[in-house]
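Novice: Residue numbers (the numbering used here), protein chains in the order written: chain A, 168 to 303; chain B, 168 to 303.
Got a structure here, written out as structure tokens. Questions coming.
There are 2 protein chains.
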Amino acid sequence: MSAFVLHPRLAADTAFVADWDLSRVLLMDDARYPWAILVPRRADMTELFDLDAQDRAALTEEVARAARMLKAMTGAAKINIGALGNLVPQLHVHVVARCESDAAWPGPVWGHGAAVRYEPARRDAFVEELRARLAP
Amino acid sequence: MSAFVLHPRLAADTAFVADWDLSRVLLMDDARYPWAILVPRRADMTELFDLDAQDRAALTEEVARAARMLKAMTGAAKINIGALGNLVPQLHVHVVARCESDAAWPGPVWGHGAAVRYEPARRDAFVEELRARLAP
Chain A
168 MSAFVLHPRL AADTAFVADW DLSRVLLMDD ARYPWAILVP RRADMTELFD
218 LDAQDRAALT EEVARAARML KAMTGAAKIN IGALGNLVPQ LHVHVVARCE
268 SDAAWPGPVW GHGAAVRYEP ARRDAFVEEL RARLAP
Chain B
168 MSAFVLHPRL AADTAFVADW DLSRVLLMDD ARYPWAILVP RRADMTELFD
218 LDAQDRAALT EEVARAARML KAMTGAAKIN IGALGNLVPQ LHVHVVARCE
268 SDAAWPGPVW GHGAAVRYEP ARRDAFVEEL RARLAP
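Quick look at the structure:
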């Protein structure tokens, strides 16, 4: 059984927030949207149905928890949740706080223009806020 | 407690496939992609975290089941799963079979051009195939 290694594309596009029971929690480095990514720390997972049922239930609870917290932090109009993986095959779940004034509303964030990187101090402050509010 | 009523926009854009334990299973009337939508038959649900944990686990298993079956039916390169709800607030989960030759690959299907309605006989045949393969 191989070990979990974060896909390099995910590593390049995100900042580390925390390891929860199952998932690595990342902040997408795109200042346009408050955007977390949860990656189950299991090797060789691509589809939701690759996980066993217990991990799938755990992932769902962690996704719901991230969604609830992003909603509380941002007052978002809607949380968007997605597991696409057309470009990055490692199973990962996007949790994105959307508001009616954001760049892509009401369309999806995926494939909508290029990411706008955070100013590093702002990114680090957001990561710290996430760590505090999303602590296990 | 109000009763579950399918949102009229979802009703207009889909064909009924089946009622599973929790979810109404619909076929999106868009011949560009094999595309199911699962709607938990609970009133007044918008976000994943509005469901209680038991329903959330049930929804996840039903989504995984729909995903597995669409993958088996179509040989899709990837299943895309999404709960967006920016336009239709009733909680619903998209399960979309994607292939590298489809209209939106590798981008998301949401917001990508206008739906291409099925020729009715073809839609009905697909619904019948889904009913047979996705029977409870």
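Glycine is no exception: its CB is placed at the ideal position from the N, C-alpha and C atoms.
Note that the structure is predicted; figures quoted are calculated from it, not measured.
Mind checking whether Val-230/B and Val-184/B have CB atoms under 8 angstroms apart?
Specialist: Cβ distance not < 8 angstroms, so Val-230/B and Val-184/B don't count as in contact.
Novice: Please determine, among Trp-187/A, Val-206/A, Ala-282/A, the residue with the shortest C-alpha to C-alpha distance to Pro-175/A.
Specialist: Out of Trp-187/A, Val-206/A, Ala-282/A, Val-206/A has the C-alpha closest to the C-alpha of Pro-175/A.
Novice: Please check the pair Lys-238/A and Ala-264/A, which I expect to be a contact at CB under 8 angstroms, by giving their CB distance rounded to whole angstroms.
Specialist: Going by Cβ atoms, the distance from Lys-238/A to Ala-264/A rounds to 7 angstroms, so yes, they are a contact pair.
Novice: Could you give the first and the last residue of the continuous alpha helix (DSSP H) run that contains Met-195/B?
Specialist: Counting along the chain, Met-195/B falls outside any alpha helix (DSSP H), though it belongs to the beta strand (DSSP E) covering 190–195.
Novice: Starting from the beta carbon of Val-230/B, find every residue of chain A whose beta carbon is closer than 8 angstroms, and list them in chain order.
Specialist: Chain A residues near Val-230/B: Leu-215.
Novice: Fully enclosed by the region 191–276 of chain A, which alpha helix (DSSP H) runs are 4 residues long or longer?
Specialist: Entirely contained in the region 191–276 of chain A, the alpha helix (DSSP H) runs reaching 4 residues are, in chain order, 220–241.
Novice: If I follow the unbroken beta strand (DSSP E) through Val-184/B, where does it start and stop?
Specialist: Unbroken beta strand (DSSP E) run through Val-184/B: 181–186.
Novice: In chain order, what residues of the same chain have a beta carbon less than 7 angstroms from the beta carbon of Ala-271/A, not counting five sequence neighbours either side?
Specialist: Excluding sequence neighbours, Ala-271/A sits near His-279.
Novice: By DSSP, does Val-283/B sit in helix, in strand, or in coil?
Specialist: Looking at Val-283/B - three-state DSSP - the assignment turns out to be coil, as it is neither helix nor strand.
Novice: For Thr-227/A, go through chain B and note every residue whose CB falls closer than 7 angstroms to its CB, in chain order.
Specialist: The answer, in chain order, is Arg-223, Ala-224, Thr-227.
Novice: Rounded to whole angstroms, what is the Cα-Cα separation between Val-260/B and Glu-214/B?
Specialist: Distance between the alpha carbons of Val-260/B and Glu-214/B: 11 angstroms.
Novice: Rounded to the nearest angstrom, what separates Thr-181/A and Asp-196/A at their Cα positions?
Specialist: The alpha-carbon atoms of Thr-181/A and Asp-196/A are separated by roughly 5 angstroms.
Novice: With 16 as the cutoff for other CB atoms within 10 Å, does Phe-216/A come out buried or exposed?
Specialist: With 16 or more other Cβ atoms within 10 Å, it is buried.
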